[in-house]
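Comments concern the structure below.
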Amino acid sequence: MENIAWMAWTLPTAIFFVMLSLTLGVMTWLAVAYPEAERIGILRIPTTRGDRLFISLVLTAVIHLLWIAFVGTDAIATLPIGEEGVEISSLWLATLISLLSAVAIFRTV
Amino acid sequence: MDKTVNQKAWFLVLPVFLVVAFSAILPLMTVVNYSMQDTFGNNQFFWNGVGWFKELLDPSTDLGGRFLDSLARNLFFSAVILAIEVPLGIVVALSMPREGWSVAACLVILALPLLIPWNVVGTIWQIFGRPDIGLLGYTLNHLGMNYNYVSNEFDAWATVIVMDVWHWTSLVALLCYAGLKSIPDAYYQAAQIDGASRWAVFTAIQLPKMNRVLLIAVLLRFMDSFMIYTEPFVVTGGGPGNSTTFVSIELVKIALGQFDLGKAAALSLVYNLIILIVCWIFYTVMTNAGNERPAKQGVA
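Just so you know, the protein sequences line up as chains A and B, in that order. Just so we're aligned, residue 1 is where the first sequence starts under the working numbering, counting upward by one. Just so we're aligned, residue 110 is where the second sequence starts under the working numbering, counting upward by one.
In structure tokens form, the structure reads like this:
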């Protein structure tokens, strides 16, 4: 662990990257196992699953940044875990919106 | 095409993947890690969550103010140089000779500024514009203009913009020239028979045929000017005050000047996201331009 101290890993960012690499892995496997043709959706551009994933991920980043900029990250609820409880940031709402938008993108774009 | 699929070829990609992993993926992951933490050096990090992003996107904080100001400056700079370089490049390309020895001469002369390294261009203009010894600065001041890029914001901006135009208009011109050369003579002959005016030839034949190369030129020039660092850093150092501090200069100040790795990481991630989105839009437009009319079914 000494050798990668400069990378400053934390549990949340590690979970983030593991999820991201799992997503990419699953998408790669899907592309090999079930090849698909491009299709043209509401953006009027031919897209594959990979393109739609890319659009979803970029949109997710944008949605989270806009949420931080305009709504903020106040706590919306406190989970009764531990002594003081665990606060849930309103940023999770942005995550929820991102998931919904990803579903919409995969269906329509 | 679909008879023999040899997946072993992927192993040949492995060396490239490893190089990219060490040169791009691991550093990018590290930047994401940094953006969530604060550090005082010595590899000691403290969790800060999305705190830096909050500050970065809030214009009332120091970090947010600096980021949004430099972003606005950078977008204005990109818009100005695009508005100058693209039309100018087209005009230069249109007025270049089509055949004979002068073609080679023109191409070499046009290519010269492109061959000069960024920091040398900066140094050339830094000296060129000095009021005491520089040819440009000395002449302007003797003509009665009070030109001094070190102390006057407008002069600094003008110098940086003219320098970029000098450095990169050639690229647009060369791209446009390549586009013009690819137009078959038959188009011009048809236009001549129809008695089309010079302007009609330009708008109906040349401009549509230059569509693709112009997109490439706009993309290249936008990305380059949006990420510009060396030239304004050498000439003005971001000054006077902060008037020519573009995003990359601000980023280096925060990361290496103040050593605020967390703030700098958050800034560079947002900066990266903007560039990624613009790149994707341009790429999509470029690869799909002209492909819309024929039916795409079964082409993939």
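Virtual Cβ for every residue (Gly too), placed ideally from N, Cα, C. All values reported here derive from a predicted model rather than from experimental measurement.
Between B/VAL394 and B/PHE331, the C-beta gap is not smaller than 8 Å, which leaves the two residues out of contact. By the rule that beta-carbons nearer than 8 Å mark a contact, B/LYS163 touches chain A. In this structure, B/GLY243 lies away from B/VAL344, with their beta-carbon atoms at least 8 Å apart. Taking A/LEU43 as the centre and dropping the five residues before and after it, the same chain places the C-beta of VAL109 closer than 7 Å to its C-beta, in chain order. At a cut-off of 8 Å between beta carbons, B/PHE154 contacts chain A.
Listed in chain order, the alpha helix (DSSP H) runs fully inside the stretch 229–275 of chain B are 244–251, counting runs of at least 4 residues.
A check of alpha carbon separations from B/LEU177 across B/ILE363, B/VAL356 and B/ILE390 identifies B/VAL356 as the nearest.
B/LEU376 and B/LEU165 have their C-alpha atoms roughly 7 Å apart. Put simply, the backbone Cα of B/MET254 is about 43 Å away from that of B/ILE314. Counting of Cβ neighbours within 10 angstroms places B/GLN235 among the buried residues, the total reaching 16 or more.
Annotation for B/PHE155: the continuous beta strand (DSSP E) segment containing it runs 154–156. The beta carbon of B/ASP241 lies closer than 8 Å to those of TYR247 in the same chain, with the five residues before and after it left out.
Think of a sphere of 7 Å around the beta carbon of A/PRO80: no beta carbon from chain B falls inside it, the nearest being about 21 Å out. According to DSSP, residue pairing for A/PRO46 in a beta bridge involves A/ILE40. As far as DSSP is concerned, B/ASP178 takes part in no beta bridge.
Secondary structure at B/LEU135: helix, using DSSP grouped into helix, strand and coil. A direct Cα-to-Cα measurement between B/SER352 and A/LEU22 gives close to 45 Å. Relative to B/GLY347, the option among B/LYS290, B/SER260 and B/VAL379 whose CA is nearest is B/SER260.
In the DSSP annotation of this structure, the continuous segment of the beta strand (DSSP E) that includes A/GLU87 starts and ends at 86–89. Apart from the 5 residues on each side of it in sequence, B/GLU194 sits with its Cβ closer than 7 Å to the Cβ of VAL274, TRP277, THR278, VAL281 and ARG330 in its chain, given in chain order.
Contacts with chain A at 8 Å (Cβ-Cβ) include B/ASN142.
Setting aside the 5 residues that flank it on each side, B/ASP147 is surrounded in the same chain by PHE155, ASN157 and GLY371, each with a C-beta closer than 6 Å to its C-beta; the list follows chain order. Not flagged as an interface residue toward chain B: A/THR108, since no C-beta distance is shorter than 8 Å. Interface annotation, B/GLN146: in contact with chain A, CB-CB separation under 8 Å. Under DSSP, B/THR345 shares a beta bridge with no residue. Assignment of alpha helix (DSSP H) within the stretch 370–404 of chain B, counting only whole runs of 4 or more residues, yields 370–397 in chain order. Looking at the DSSP output, A/ALA69 sits in no beta bridge, so it has no partner there. Here B/GLN146 is bridged, per DSSP, to B/TRP156.
Distance from the CA of B/VAL217 to the CA of B/GLY288, rounded to the nearest whole angstrom, comes to 18 Å.
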